[in-house]
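In this text, residue positions in the sequence shown follow the UniProt record's numbering: the first is 1, and each later residue adds one.
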Amino acid sequence: MNSEILVNVTPMETRVAVVENGAVQELYMERAQTRGIVGNVYRGKVVRVLPGMQAAFVDIGLDRAAFIHASDIDQSRGENDAHKPIQSLVREGQSITVQVIKDPIGTKGARLTTHLSIPSRYLVYMPDTNHIGVSQRIDGDEERDRLRTLVTKVKADEEIEKGGYILRTAAEGIGEAEIQSDLNYLKRVFRVLGERIKEIEGPAIIYEDLPLYLRVARDLVRADVEKIRIDSKETFTKVIDFVRKYTPEVEPVFEYYPGERPIFDLFSVEDEIGRALGRKVDLKSGGYLIIDQTEAMTTVDVNTGAFVGHRNLEETIFKTNLEAVTSIVRQLRLRNLGGIIIIDFIDMEDSEHQRQVLRMLEKYLEKDHAKSKVTGVSELGLVEMTRKRTRESLEHMLTETCGVCNGRGRVKSAQTVCYEVFREILREERAYNTDQYLVLASQEVVDRLLDEESSNVADLEDFIGKPIRFQVEPMYTQEQFDVILQ
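Structure follows, in structure tokens:
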């Protein structure tokens, strides 16, 4: 699998596209005014303790208070303390050092933990434990044991007593020098962090994760990445300085892109972003997906569409579902959909077909950087899964609630609004005395009142004994109207 990473930088925002085999698989965006805060460490102040929810709200200096659950608070004073009530762990007004593990999403504040973790290129440092773990993506017991032994040795050589580490996927195959460099970097970072914790009362930020273009150099350089192209000379220079300091071996992967053609046009990334905001995703066979994102969950409906197959209906359904799997996993990554996801595959009678589709879904999800879990097929034939959500989805980042339909995705029909107009006139007639009525409404509603509803208008005028006039208001939406007494 050949991968390229495209980095588009403007003063307003940084955008990163991960392209695998010529197709965009993931998108990352960071806007100067609304940078993500996952990974940031804050000195916060507890503003409210909620025993009923076993949680607390913490002021970390943002518009909305952040949220921390009792399970995310350090309770490392023995196993018997594992289920302490929240009121025994924190109190209102208390200063607390926390790290953001989930960005504010929608109306929800940021999610916090007191279990700090500081990442570097190959390692994640965790000051509250002495455990040495290895990424599940690193295969082979021999390599996993070698890496654990390396970290243990370097820790002893550097006389680092406190803290545990997780070896990241990028650590596969590295040697002692790289481990030593990362350990020393993390030691320096945590020393500075410790000093700031002592100095600052809060609420205030005390450690900020790297900007997106540097996180690309730290987190996204893998063995299968052939090139990382950056279209800003200034940003390219900063990235190269960072790489030469911490990971000089990956410098050849980076390349400045000076082309006249916008970098996101190289692989039609802009078109992909536009399509990723739509509900319908076409499959090559003629089938299609319908993806609906709601507050509670995301639903994916698979349809055969124009695909009729060549042998029989069961084969058509099976092939459509198999093709849908690859598209669904790609869309989950591209749109950064998280939380509960319900997939309604086309019903398959053959249990072996069901098993193959489920197995293929799990296999493709292994390539996804976000942790996911498929719980199987429900009694209704729906595939239920979860995908870890740490940041806003593409839709939430790039769109806002429609001011016309208020997020319903539907508007009242012109006929419905006409009947509301009639009811409003009757209501006004009972309450007030007037000579005539003027109705202000949208073009569509006025056209219908003067055409299809003209006989009803005439009947209403006879009933109330007064004339009704209509006037188009170009700025009104289809649901808006006013009835004016004259």
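Glycine included, C-beta positions come from ideal geometry on N, C-alpha and C.
Given Thr477 as reference, the closest of Ile240, Tyr42, Glu251 and Ala414 once Cα atoms are compared:
Nearest option by C-alpha distance: Ala414.
For the structure I just gave you, are there three or more beta carbon pairs, one from the stretch 398-407 and one from the stretch 48-68, closer than 8 angstroms?
Touching, no.
Local conformation of Asn80 per DSSP, three classes
For Asn80, the predicted structure reports a pLDDT of 44, less than 50, and the residue's modelled location is therefore unreliable. The matter cannot be settled from this model.
Have a look at Lys280, Thr113 and Ser351 and flag the residue whose alpha-carbon is nearest the alpha-carbon of Arg335.
For Arg335, the nearest C-alpha among the options comes from Lys280.
Residue burial classification, residue 497 (beta-carbon count within 10 angstroms, cutoff 16)
Outside the displayed span of the chain (1 to 486) sits residue 497, for which this structure offers no information.
Opposing strand residues paired with Val421 [DSSP bridges]
When DSSP reads this structure, Val421 sits in no beta bridge, so it has no partner.
By Cβ distance, which residues of its chain are closer than 7 angstroms to Gly22, with the 5 residues on each side in sequence left out?
Counting only Cβ-Cβ distances below 7 angstroms, and skipping sequence neighbours, we find Phe267.
Three-state class that DSSP yields for Ser454 in the structure shown:
Three-state result, Ser454: helix.
Range covered by the alpha helix (DSSP H) that runs through Thr129:
Boundaries cannot be given for Thr129, as no alpha helix (DSSP H) includes it and DSSP labels it neither H nor E.
Which of helix, strand or coil DSSP assigns to Glu92:
Note: Glu92 maps to coil in three-state DSSP.
Please confirm whether Tyr122 and Asp182 have their CB atoms less than 7 angstroms apart.
Contact flag set, yes.
If I measure Cβ to Cβ from residue 518 and keep anything under 6 angstroms in the same chain, skipping five residues before and after, which residues do I get?
Not covered by the structure: residue 518. The range shown for the chain is 1 to 486.
Just reading off the alpha helix (DSSP H) that Gln486 is part of, what are its end residues?
Here Gln486 belongs to no alpha helix (DSSP H), and DSSP marks it neither H nor E.
Output the distance between the C-alpha atoms of Ala276 and Gly465, rounded to the nearest integer angstrom.
Gly465 has its alpha-carbon roughly 55 angstroms from the corresponding atom of Ala276.
Pairs of beta-carbons, one from the stretch 109-116 and one from the stretch 65-73, closer than 8 angstroms: are there three or more?
When C-beta atoms of the stretch 109-116 are compared with those of the stretch 65-73, three or more pairs fall below 8 angstroms, so the two segments count as touching.
Proximity of Asp301 and Ile290 at Cβ, strictly below 7 angstroms
Yes, they are a contact pair.
From Arg430, Tyr288, Asp459 and Gln480, residue whose alpha carbon lies closest to that of Ser417
Looking at the sequence shown, residue 417 is not Ser but Val. Taking only the C-alpha atoms, the option nearest Val417 is Gln480.
Taking 7 angstroms as the threshold (C-beta atoms), are Tyr437 and Val472 in contact?
No, these two residues do not count as a Cβ contact at 7 angstroms.
When the Cα atoms are used, what is the spatial distance from Glu270 to Gly278?
Going from the Cα of Glu270 to the Cα of Gly278 covers about 13 angstroms.
Rounded C-alpha distance that separates Thr386 from His369
If you draw a straight line from the Cα of Thr386 to the Cα of His369, it is about 13 angstroms long.
If you draw a straight line from the alpha carbon of Leu313 to that of Asn303, how long is it in whole angstroms?
So the two alpha carbons sit approximately 13 angstroms from each other.
Residue from Ser351, Glu208, Gln180 and His83 whose Cα sits closest to the Cα of Leu116
In terms of Cα proximity to Leu116, the closest of Ser351, Glu208, Gln180 and His83 is Glu208.
Use the C-beta contact count for Gly78: other C-beta atoms within 10 angstroms, 16 or more gives buried, fewer gives exposed.
The pLDDT assigned to Gly78 is 41, lower than 50, so where the model puts this residue is not dependable, and the model offers no usable value.
Own chain residues within Cβ distance below 8 angstroms of Val225, not counting five before or after
Here the set comprises Ser3, Glu4, Ile5 and Val253.
Those runs of the beta strand (DSSP E) which lie wholly inside the stretch 231-273 and span at least 3 residues:
If we require 3 residues or more, the beta strand (DSSP E) runs fully inside the stretch 231-273 come out as 254-256.
Can you find the residues in the same chain that come closer than 7 angstroms, C-beta to C-beta, to Glu461, ignoring five residues on each side of it along the sequence?
The beta carbon of Glu461 sits closer than 7 angstroms to those of Pro467 and Ile468, all from its chain and outside the five residues before and after it, given in chain order.
Residue range of the beta strand (DSSP E) that includes Gln25
From DSSP, the beta strand (DSSP E) with Gln25 extends over Ala23 to Arg31.
Can you name, in chain order, every residue of its own chain whose Cβ lies under 6 angstroms from the Cβ of Val189, other than the five neighbours on each side?
Non-local C-beta neighbours of Val189 in its own chain, meaning closer than 6 angstroms and more than five positions away in sequence, comprise Ile118, ordered along the chain.
Given a cut-off of 7 angstroms, decide if Val9 and Ser232 are closer than it, judged by their beta-carbon atoms.
Taking 7 angstroms as the Cβ cut-off, Ser232 and Val9 qualify as a contacting pair.
Would Val16 and Val24 be called neighbours here (beta carbons separated by less than 7 angstroms)?
Contact: no.
Per DSSP, what kind of secondary structure is Ile86 in: helix, strand or coil?
It is helical.
With 16 other CB atoms within 10 Å as the buried threshold, where does Thr14 fall?
It counts as buried.
Since Leu283 and Glu323 should fall inside the 8 angstroms C-beta cutoff, what is the C-beta to C-beta distance between them, to a whole number of angstroms?
With a Cβ gap of about 5 angstroms, Leu283 and Glu323 count as contacting.
Express the C-alpha separation of Arg144 and Gly175 in angstroms, rounding to a whole number.
Spanning the two alpha carbons is a distance of roughly 13 angstroms.
Reference Thr107; option with closest CA among Glu392, Gln331 and Ser455
That would be Glu392, whose Cα lies nearest to the Cα of Thr107.
Please list, in chain order, all residues of the same chain as Arg206 whose beta carbon is under 8 angstroms from its beta carbon, the five residues on each side excluded.
A small fix is needed here, since residue 206 is Ile in this sequence, not Arg. Residues Val41, Tyr42, Arg43, Thr97, Leu193, Arg196, Ile197 and Ile200 of the same chain have their beta carbon placed closer than 8 angstroms to that of Ile206, with the five preceding and five following residues left out of the count.
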